[in-house]
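*Asks:*
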Amino acid sequence: MNLEEMRERLRSRLGESSLSTEELDFELKNAVFRHNPDWTIETLPENEEYLVLKLAQISCLYTLASREAKNYRIGVDGVSIDKAQRVRNYLSIAENLEKEYQSIINSEDYAKIEVENFKRYSARLNRLVGG
């Protein structure tokens, strides 16, 4: 998946947001680096895209929460919502996604996938093995 496709997926996960294209791109690139510093958007394995999108979404939600942190009410058509509630909602979603991400990467199944996909040099065979 390329950067544009990942950005559109991230946009769809966030729904209406005030984050610019540049901010979304930064968050995606940063998420790839946080997930595995050896990868880029272009070299990211397909089976890792879901986790990188999750990390980028978490970061975006924290950014949105910090922007909404001013404590006042907004209203439309007689319905109002306290901005503090919006901040709590963003933070709650981000925290739940973070727990989910940590649960996945700390699971035995994920560790097994990592070991199976890990390339290493075998002195006995005199070549790269694995992965």
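Position one of the sequence shown corresponds to residue 162 (the numbering used here), numbered consecutively onward. Glycine is no exception: its CB is placed at the ideal position from the N, C-alpha and C atoms.
Measuring CA to CA, which of 239, 260, 200, 230 is closest to residue 246?
*Replies:* Within the sequence shown, the letter at position 85 stands for residue 246. Of the listed residues, the one whose Cα sits closest to residue 246 is 230.
*Asks:* Residue 188 and residue 220: beta carbons closer than 9 Å?
*Replies:* For the purposes of this step, residue 188 is taken as the residue at position 27 of the sequence shown. For the purposes of this step, residue 220 is taken as the residue at position 59 of the sequence shown. Going by C-beta atoms, residue 188 is nearer than 9 Å to residue 220.
*Asks:* If you draw a straight line from the alpha carbon of residue 244 to that of residue 172, how long is it in whole angstroms?
*Replies:* One-based indexing of the sequence shown puts residue 244 at position 83. One-based indexing of the sequence shown puts residue 172 at position 11. Those two C-alpha atoms are separated by around 22 Å.
*Asks:* Measuring only the C-alpha atoms, how far is residue 190 from residue 239?
*Replies:* Position 29 of the sequence shown, counted from the start, is the residue given in the question as residue 190. Position 78 of the sequence shown, counted from the start, is the residue given in the question as residue 239. The straight-line gap from Cα to Cα measures roughly 41 Å.
*Asks:* Taking just the CA atoms, how far does residue 193 sit from residue 164?
*Replies:* Counted from its first residue, the sequence shown places residue 164 at position 3. Counted from its first residue, the sequence shown places residue 193 at position 32. Taking the straight line joining both Cα atoms gives about 11 Å.
*Asks:* Considering only C-alpha positions, which residue in the set 184, 204, 217 is nearest to residue 195?
*Replies:* If you number the sequence shown from 1, residue 195 lands on position 34. Comparing Cα-Cα distances from residue 195 to each of 184, 204, 217, the minimum goes to 217.
*Asks:* Is the beta carbon of residue 180 closer than 9 Å to that of residue 252?
*Replies:* The residue you call residue 252 lines up with position 91 of the sequence shown. The residue you call residue 180 lines up with position 19 of the sequence shown. Cβ atoms of residue 252 and residue 180: not closer than 9 Å.
*Asks:* Using a Cβ-Cβ cutoff of less than 8 Å, which residues in the same chain neighbour residue 271 once the five nearest sequence positions on both sides are dropped?
*Replies:* By 1-based counting over the sequence shown, the position of residue 271 is 110. The residues are 265.
*Asks:* Do residue 186 and residue 174 have their C-beta atoms within less than 9 Å of each other?
*Replies:* For the purposes of this step, residue 186 is taken as the residue at position 25 of the sequence shown. For the purposes of this step, residue 174 is taken as the residue at position 13 of the sequence shown. For residue 186 and residue 174, no; Cβs fall outside 9 Å.
*Asks:* Threshold first: 3 residues or longer. Then list the beta strand (DSSP E) segments lying entirely within the segment 190 to 230, N to C.
*Replies:* None, since the segment 190 to 230 contains no complete beta strand (DSSP E) of that length.
*Asks:* From residue 248 to residue 176, what does the alpha carbon distance come to, in whole angstroms?
*Replies:* For the purposes of this step, residue 248 is identified with residue 87 of the sequence shown, where counting begins at 1. For the purposes of this step, residue 176 is identified with residue 15 of the sequence shown, where counting begins at 1. Whole-angstrom Cα-Cα distance: 15 Å.
*Asks:* By the DSSP assignment, the alpha helix (DSSP H) with residue 258 in it spans what residues?
*Replies:* One-based indexing of the sequence shown puts residue 258 at position 97. It spans 244 to 266 - the alpha helix (DSSP H) in which residue 258 sits, taken as one unbroken run.
*Asks:* Quick check on the burial criterion: 16 or more other C-beta atoms within 10 angstroms. Buried or exposed for residue 215?
*Replies:* The count along the sequence shown starts at 1 and reaches residue 215 at position 54. It is buried - the Cβ of residue 215 has at least 16 other Cβ atoms within 10 Å.
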